[in-house]
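Encoded as structure tokens, the structure appears first; notes follow it.
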Amino acid sequence: MRFGKNNFTSYEKGIEKEWMLANGRSAFSGSTMIGSNSRKYHALLIAALKSPDERYMILPKVEEKFISNKIEYPLTTTKFNDEVIEGFKNLQSFSYDGIPEYKYFINGTTIRKRVFLEKGKNTAVIEYLIKGNKNGGEIKLIPYMAFRNPGDVSEAENLNFKKKNIINGFKLNPTLKEEINIKIFTVGGRVSSKNESITKEVYYDVDKSTGDDYLERYYIPGKLTIDINPYEEKKVYFVCTIEDGEINPEEIVFKEEKRIKELRNIFKDDNRTIAKLLPIATDQFIVDRDSINSKTVLAGYPWFLDWGRDTMIALTGVSMSTDRLDDTKDILRSFSLYEKNGLIPNMFPDFGQDPFYNTVDASLWYIHAIYMYLLYKDDIEELNFVKKELYKTIKNIIKAYKEGTDFSIKMDKDYLISAGNGLDQVTWMDVRANGIVVTPRHGKPVEINALWYNALKISALLAKKFGDKDYEEYEELAEKVKISFNEKFWNEKDQCLYDVVNDEESDNAIRPNQAYAISLPFTMLPREKEEKVIEKIYDELYTPFGLRSLDRGNEDYKKVYVGELTDRDMAYHQGTVWSFPLGAFLSGYFKVNEYSEEAREFIDDALKEMESHIEDGCLGGIAEIFDGDAPHHGRGCYNQAWGVGEILRVYYECVRGNIKNLEKAHNHIFD
């Protein structure tokens, strides 16, 4: 993707598009296409000392100025509290293909800048390719440093470093953590000033709009300079790292170019944005979790860590559709080891602490993920892995849900699963604002019981394959669930499904959760009712970027997700559009239309609409949420795993036609 000057004719327009990089150990970088940090999470290096829990802001940005004939031209854009340095006026173009690239053309001098993160390391590299004009000149590099939590802003203590001069750069030790060695240096440049200083207050537009802290200062250890002779062509590197040992920036650039190219070519025969860029996004979410020595899936950038529910929903698209099946296997194994009372963790803590288990759906999604892994792998030998390492966990889940477990999760006398009580919010609609349960879904939520039936059918398949006599019990129980589900959940008046049912009342709010009663592999409704549900979702909830969390006709509907935290929390699941349920709707649409070519074309067109967002917000990614009303501005995390995963899954299964291969795999493994 390339963006010319018409995309950044003003500062406000220039900060609309963002980019990000990640290193597989939860370190990341990101900024806007004009290089101005519009949020406190923007940086060239946010390093991870322990992945993914312990991350620190290291290098917020490098201020760059080109000087020729004694005239100074700013290259980067910075908004201070009292002025804007308008480097975007000298920016010729910005492009992103997995690697961000800035191009400048100033009085005959061409400067091409690219940013890289080394895979598996806390090292950022900026590459400058320069072609000088007849006068030559120089580029001043002014590193802005901090040492803080990425979600905070710097206090005085975050700007206190012990500095040592090194060849062509500086070594810094933050006084808050002196064992950290931060090295910043150039290859092809020089130190031009050793004077330390503190910047003016930098202004973050995004944080200002959400009521967060939006002003902070940075520490400047000195200045670096790239000298440019007349007509000289040269390549220079700026490096920031907390790694020990020698750093070869040219080798880092070469390896990263190769790695990104491989990700872009996962779907070699398709040049569309989804095929080229979403595989790169999936790679950004799969990271190490040091506390359990395993891979995991980050829920979203820039602030979410790894959650069990999000991981299991995202897993098919994030790791299976991109053929990272070894990572899938590793993740499934790790979650199995931490099952407790029939629940898999919703959140892993740091070393030596117990996980959190406050979710009703993660365990059911876990069983679903195991089934999908078997289909994607399509190898009968993998049944041995499931039997040996995962099947006991599956049985524990079914037993616990049947007999009752934590958070009021239990099978009721009608064989449906009930969950939640008081302040417990155990479905994905889990916000509490100032002690208020915004979307109380205590009782029997529709998607939980769709997942319950799906899990029973999968468990029955595996039990029969493993010669376990419990398969008959699972089948009989599934049939009873099916009967009760059809009796209790059908909303005849609105021709769709109730969102939650219990003994007192049924919640007729129209929400996207009912999509899973159609999209999952094993479902309970007759086809004519499935069609009605899909039609209702399309009419009331569908947008090009996801599904509304509540229909517009409901008195609790919120049009936009804006304001301070309490205001946003009240809107989070009350009309705000979510990207990830779009996958369930599109899969359900494909199913009720018998996987027809017309249905495939409808889904293909829908994904093309989503591509307009992938090319607009966080480039190459999909936002967590959007305003309920048009034009549906992206909000929340700028890149969310289950949104990316579900869209890529639908592309792989529906648009590319692999749903038929998965059906064949089912027959191969279970017949």
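Just so we're aligned, residue 623 is where the sequence shown starts under the working numbering, counting upward by one. Using N, Cα and C, we set each Cβ at its ideal position, and we do this for glycine too. Given the structure is predicted, the values throughout are model-derived calculations rather than measurements.
Distance from the CA atom of residue 717 to the CA atom of residue 1144, rounded to whole angstroms, is 43 Å.
Between the alpha carbons of residue 1103 and residue 1111 lies a gap of roughly 11 Å. Between the C-alpha atoms of residue 1069 and residue 1010 there is a straight-line separation of about 29 Å. Nearest neighbour of residue 1125 by Cα position, chosen from 1067, 1105, 847 and 829, turns out to be 1067. Per DSSP, reduced to three states, the secondary structure at residue 1289 is helical. The criterion of a C-beta distance shorter than 7 Å is satisfied by residue 653 and residue 659. Across the structure, residue 1092 and residue 891 are spaced so that their CA atoms are roughly 45 Å apart.
For residue 787, the enclosing beta strand (DSSP E) starts and ends at 783 to 788. Burial check for residue 1132: the Cβ neighbour count within 10 Å reaches 16 or more, so the residue is buried.
Annotated three-state conformation of residue 975 is coil, per DSSP.
Note on residue 1218: under 16 other CB atoms within 10 angstroms of its CB, so exposed under the neighbour-count rule. At least 7 Å separates the beta-carbon of residue 1244 from that of residue 1276.
Counting along the chain, residue 906 sits inside no beta strand (DSSP E); it lies in the alpha helix (DSSP H) bounded by residues 895 to 907.
In this structure the stretch 742 to 750 lies against the stretch 868 to 881, because at least three pairs of beta carbons, one per stretch, are closer than 8 Å. For the alpha helix (DSSP H) assignment, the uninterrupted runs of no fewer than 4 residues enclosed by the stretch 1105 to 1171 are, from N- to C-terminal side, 1138 to 1141 and 1149 to 1162.
Three or more beta-carbon pairs separated by less than 8 Å link the stretch 1076 to 1095 to the stretch 992 to 1012, which places the two stretches in contact. Just measuring C-alpha positions, the residue of 988, 1151 and 999 sitting nearest residue 1080 is 988. Residue 1249 has no beta-bridge partner at all, per DSSP. The Cβ-Cβ distance between residue 766 and residue 678 does not fall below 7 Å. Counting C-beta atoms within 10 angstroms of its own C-beta, residue 759 has 16 or more neighbours from the protein chains shown and is therefore classed as buried. Between the stretch 978 to 988 and the stretch 1026 to 1036 there are three or more inter-stretch CB-CB distances shorter than 8 Å, so the stretches are counted as touching. Residue environment for residue 1149: exposed (fewer than 16 other C-beta atoms within 10 angstroms of its C-beta). Counting of Cβ neighbours within 10 angstroms places residue 976 among the exposed residues, the total staying below 16. Ranking 676, 681 and 674 by CA distance to the CA of residue 665 puts 681 first. Counting C-beta atoms within 10 angstroms of its own C-beta, residue 946 has 16 or more neighbours from the protein chains shown and is therefore classed as buried. DSSP places residue 1219 in the uninterrupted alpha helix (DSSP H) bounded by 1219 to 1236.
Judged by beta-carbon spacing, residue 1261 lies within the 7 Å limit of residue 1240, meaning their Cβ atoms are closer than that value. Proximity to residue 727 across 966, 1020, 705 and 696 peaks at 696, based on C-alpha coordinates. For secondary structure counted as the beta strand (DSSP E) over 3 or more consecutive residues, the stretch 821 to 888 holds these complete runs in sequence order: 845 to 850 and 855 to 863. Rounded to the nearest angstrom, the gap between the Cα atoms of residue 740 and residue 863 is 10 Å. For the pair residue 941 and residue 958, the Cα-to-Cα distance works out to about 18 Å. Bridge partners of residue 929 according to DSSP: 969.
In terms of CA proximity to residue 706, 636 leads the group 1164, 636 and 1289. In terms of Cβ geometry, residue 792 and residue 843 form a close pair [threshold 7 Å].
Taking every protein chain shown into account, the CB of residue 905 has 16 or more other CB atoms within 10 angstroms, so this residue is buried. When the alpha-carbon of residue 1249 is set against those of 801, 773, 694 and 1165, the nearest one is in 1165.
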